[in-house]
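Asks: Here you go, one structure.
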Amino acid sequence: MSIKTGPVFEFPDAPAPGDFVELRPGLLWLRLPIPGALRHINVWLLEGETGWMLVDTGMRVDGVLEAWEKLNASLPQLGQLEAILVTHHHPDHFGLAARLAADHAAPVFMTLRAQASARLLETERDPDTDPGLIAYAATQGLEIDGPTRTVMAGRNYQRIVSGMPADLRPLADGQELTLANAHWRVSVHDGHAPGHACLHAGDLGVLISGDQVLPTISSNVSVLPDNTSEDPLGDYLHSFTVLAGLPEDTLVLPAHGRPFRGLHARMGEIRAEHEDRLGLLEAACATPRSTLDLVGTLFRLERFDALNRMLAIGETLAHLRYLECRHKVLRTGVGPGLRWRACGSLGEY
Ligand SMILES: [Zn+2]
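Quick look at the structure:
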């Protein structure tokens with residue numbers, strides 16, 4: 007007999023676009039459509055003394071502004087949107103921040119590193135000549151096709167994001183937000199995105215996890231041109247050590263999927279998935295391999311569009327980098343001649 011230890015869901019019905027579910031007094035769950043495999047993002051409204059704080063915003067794509075208009079009609083108090091908090095710079099979270107902030111004259115709170123990441127992707131760069139992209143390709147041993155370079159240069163991002171908000175304010179690890187029904191504490195984590203904020207309300211037993219912990223899919227963890235981390239997967243797994251300090255019965259509100267309990271068990275499942283991938287890559291490096299060859303160990307690139315090719319390359323590199331930082335593999339050469347191989351001992355350094 008096996009005992010199921012994965013996430014336990016307690017809210018069977020997700021809200022339709024333009025509708026909401028009240029999870030606790032003053033804590034609302036909203037769901038907005040996004041294109042692609044994810045199909046939706048969850049965003050949250052937290053009631054303050056005189057209005058609401060919105061956590062994450064949805065992308066600037068068809069259907070989302072309509073959902074906001076419907077919410078405005080069904081939830082008149084939404085007129086008092088006092089503040090917007092964005093967990094991280096990815097377009098499904100940040101996309102409508104500038105637009106909604108302008109509509110409601112609301113400030114936008116983001117960590118400084120999340121702000122910097124958004125600003126970089128909003129900056130016009132030539133995919134063929136950008137020095138950051140050229141250096142990335144060379145140091146990671148890649149020849150990157152044109153469409154994937156275009157995504158890396160932020161061209162898709164700029165289409166689905168409404169620009170930089172006029173009133174951007176910082177958000178920091180340990181910051182406390184006192185709202186009508188709860189004290190929320192900010193914790194800041196890395197790995198999925200630089201400076202990803204989570205919010206925990208100990209008195210409610212609730213964690214807004216953003217993309218840091220998801221119930222049924224694993225968050226992308228990547229070495230990408232705009233990610234400044236030395237070791238994104240190491241950072242990501244370290245965040246689990248920090249979040250493990252929260253109670254196991256915490257109600258987790260993720261950006262994708264349904265609210266769930268079983269935080270520790272779910273982090274254990276995700277950690278095991280990464281360990282499987284690390285094992286596969288280390289074994290593959292028993293003979294010297296190119297980066298693209300190793301991406302093929304984990305993903306079938308030929309099936310992917312440019313965005314997913316970028317994420318698959320980045321994810322593979324995050325695992326290789328993790329192994330490299332722990333002296334399990336090493337790379338020799340640069341550009342297309344770069345090869346990864348397992349190292350037998352520290353003596354190789
Ligand atoms: Zn994300």
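Position one of the sequence shown corresponds to residue 7 (the numbering used here), numbered consecutively onward. Cβ coordinates follow ideal geometry from the N, Cα and C atoms, glycine included.
1. Tell me whether residue 241, by its Cβ, gets closer than 7 Å to a heavy atom of ligand 1.
2. What are the complete alpha helix (DSSP H) segments, minimum 4 residues, inside the segment 177–261?
3. Are the beta-carbon atoms belonging to residue 178 and residue 247 less than 8 Å from one another?
4. Who are residue 371's beta bridge partners in DSSP?
5. Measure how close the beta-carbons of residue 107 and residue 113 come, nearest whole angstrom, since I'm counting them as under 8 Å.
6. With contact counted as at least three CB pairs below 8 Å, one residue from each stretch, are the segment 151–166 and the segment 119–135 in contact?
7. For the beta strand (DSSP E) holding residue 90, just list the boundary residues, first then last.
8. With 16 as the cutoff for other CB atoms within 10 Å, does residue 98 come out buried or exposed?
9. Can you have a look at residue 245 and say buried or exposed, based on whether 16 or more other CB atoms are within 10 angstroms of its CB?
10. Need the endpoints of the alpha helix (DSSP H) that residue 301 sits in, please.
11. Rank 218, 86, 40 by C-alpha distance to the C-alpha of residue 54 and give the top, closest one.
12. For residue 116, report the span of its alpha helix (DSSP H) as first-last.
13. Given that a residue counts as buried once 16 or more other Cβ atoms are within 10 Å of its Cβ, and exposed if not, what is residue 293?
14. For residue 237, I'd like the list of residues in its chain whose CB is within less than 7 Å of its CB, leaving aside the five on either flank, ordered along the chain.
15. Quick one: measure Cβ to Cβ for residue 17 and residue 27, integer angstroms, because I've assumed they're closer than 8 Å.
16. Indicate the three-state DSSP secondary structure (helix, strand or coil) for residue 34 in the structure shown.
17. Do you know offhand how far residue 259's Cα is from residue 105's?
Replies: Working from what's here:
1. In the sequence shown, counting from the first residue as 1, residue 241 sits at position 235. False, no ligand heavy atom lies under 7 Å from that Cβ.
2. Whole alpha helix (DSSP H) segments, 4+ residues: 238–249.
3. In the sequence shown, residue 178 corresponds to position 172, counting from 1. In the sequence shown, residue 247 corresponds to position 241, counting from 1. Cβ atoms of residue 178 and residue 247: not closer than 8 Å.
4. Residue coverage of the chain in this structure runs from 7 to 355, which leaves residue 371 outside it and unanswerable.
5. As a first step, residue 107 is located in the sequence shown; it is residue number 101 there, counting from the start. As a first step, residue 113 is located in the sequence shown; it is residue number 107 there, counting from the start. Rounded to the nearest angstrom, the Cβ distance from residue 107 to residue 113 is 7 Å, consistent with a contact under 8 Å.
6. Yes, the segment 151–166 is in contact with the segment 119–135.
7. Position 84 of the sequence shown, counted from the first residue, corresponds to residue 90. Going by DSSP, residue 90 is part of the beta strand (DSSP E) stretching over 87–91.
8. Here the question's residue 98 lines up with position 92 in the sequence shown. Using a 10 angstroms sphere on the CB of residue 98, the tally of other CB atoms reaches 16 or more, which defines it as buried.
9. Within the sequence shown, the letter at position 239 stands for residue 245. It counts as buried.
10. Taking the first residue of the sequence shown as position 1, residue 301 is located at position 295. Start and end: 297–304.
11. Along the sequence shown, read from residue 1 onward, the residue named residue 54 stands at position 48. Checking every option, the nearest Cα to that of residue 54 belongs to 86.
12. Indexing the sequence shown from 1 puts residue 116 at position 110. Segment 114–116 is the beta strand (DSSP E) holding residue 116; no alpha helix (DSSP H) there.
13. Reading the sequence shown from its first residue, position 287 is the one you call residue 293. With fewer than 16 other Cβ atoms within 10 Å, it is exposed.
14. Counting from 1 along the sequence shown, the entry for residue 237 is found at position 231. Apart from the 5 residues on each side of it in sequence, residue 237 sits with its Cβ closer than 7 Å to the Cβ of 327, 328, 331 in its chain, given in chain order.
15. In the sequence shown, residue 17 corresponds to position 11, counting from 1. In the sequence shown, residue 27 corresponds to position 21, counting from 1. Contact annotation, residue 17 with residue 27: C-beta distance approximately 6 Å; criterion of less than 8 Å satisfied.
16. As a first step, residue 34 must be located in the sequence shown, where it is residue number 28. Correct three-state label for residue 34: strand.
17. Residue 259 sits at position 253 when you count from the first residue of the sequence shown. Residue 105 sits at position 99 when you count from the first residue of the sequence shown. Near 24 Å, if we compare the C-alpha coordinates of residue 105 and residue 259.
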